[in-house]
Amino acid sequence: MVGSVRLDRIDINILVQLQNDGRMTNVHLADAVGLSPSPCLQRVKRLEAAGYITAFQARLDLAKMMESVTVFTEVTLSDHRREDFLRFEQSIREIDELMECHLISGGYDYLLRFIARSITHYQSVMEQLIEREIGIEKYFSYIVIKSPIVKEQLPLRTLLSG
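Taking UniProt numbering, the leading residue of the sequence shown gets 1, the next gets one more, and so forth.
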């Protein structure tokens, strides 16, 4: 959904800069986008109020802290009524290991991304999901061996151009 504030070139530049370094000072940000600090801060506040900026957070390097496994899981539900989808989504919402949930078109209903301590840990999470009887007909797991490309920043300039 498109926000209520119309984005101009400077707004987009502010968003790009903050994606790259959310901790930069307003003075540094203003310099990077070619504004004085006061109007820059006003724009950032306006972008936050409009919901374009939803949070400032730290990116953590999990590999430095512990061994872990990333697993993508295809889930097919046994029934396809609206309430079946709502029940499934509500039931998995609070699973700590679940990082993403996407309702998709194609050969299955959902694509999930989990982070777990190990394959055994992941399997335990899935067994608990099955035991909840939330309509899972079948699931397929894909264990990530290596992630040579992971992009955190959105390509705003490309997506928002013409």
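Ideal Cβ placement from N, Cα and C applies to all residues, glycine included.
Quick caveat, the model's predicted, so the values are computed rather than measured.
Where residue i falls: helix, strand or coil (DSSP)
i	result
ARG113	strand
MET65	helix
ILE134	coil
SER147	coil
VAL5	coil
SER124	helix
Best match in the options for proximity to residue i [C-alpha to C-alpha]
i	options	result
LEU111	THR158, THR54, MET99	MET99
GLU81	GLY135, LEU156, LEU60	First, the residue type needs correcting, since residue 81 is Arg and not Glu in the sequence shown. Ranking the options by Cα distance to ARG81, first place goes to GLY135.
ILE119	ALA58, GLU152, VAL144, LEU103	VAL144
ASN20	ARG59, ILE115, ILE92	ARG59
GLN17	SER78, LEU160, LEU156	LEU156
THR73	LYS146, GLU133, TYR122	TYR122
GLU48	VAL33, ALA32, LEU15	LEU15
ARG6	ASN26, THR25, ALA50	ALA50
ALA63	ILE115, ARG9, ASP96	ILE115
SER147	PHE88, VAL69, GLN128	VAL69
ASP140	GLU133, GLU131, MET126, GLU152	Looking at the sequence itself, residue 140 is Phe, so the reference to Asp does not match. Per the Cα distances, MET126.
ASP84	SER161, GLU133, HIS28	GLU133
GLU131	TYR142, PHE88, ILE53, HIS102	PHE88
ARG93	MET66, LEU129, ASP8	LEU129
GLU152	ARG43, ASP61, ARG46	ASP61
Integer-rounded CB distance, given that residue j should sit under 8 Å from residue i
i	j	result
TYR108	VAL75	6 Å
ASN26	PRO39	With 8 Å as the limit, ASN26 and PRO39 do not qualify as a contact, their Cβ atoms being about 10 Å apart.
GLU137	SER78	4 Å
LEU160	ILE12	6 Å
PHE56	GLY106	So it is not a contact: roughly 35 Å between Cβ atoms.
Endpoints, the alpha helix (DSSP H) within which residue i is located
i	result
residue 163	What is shown of the chain runs 1 to 162, which leaves residue 163 out entirely.
For a minimum of 4 consecutive residues, which ranges assigned as the alpha helix (DSSP H) are wholly contained in the UniProt domain "HTH asnC-type" (7-109)? 9-20, 26-33, 37-49, 62-65, 82-92
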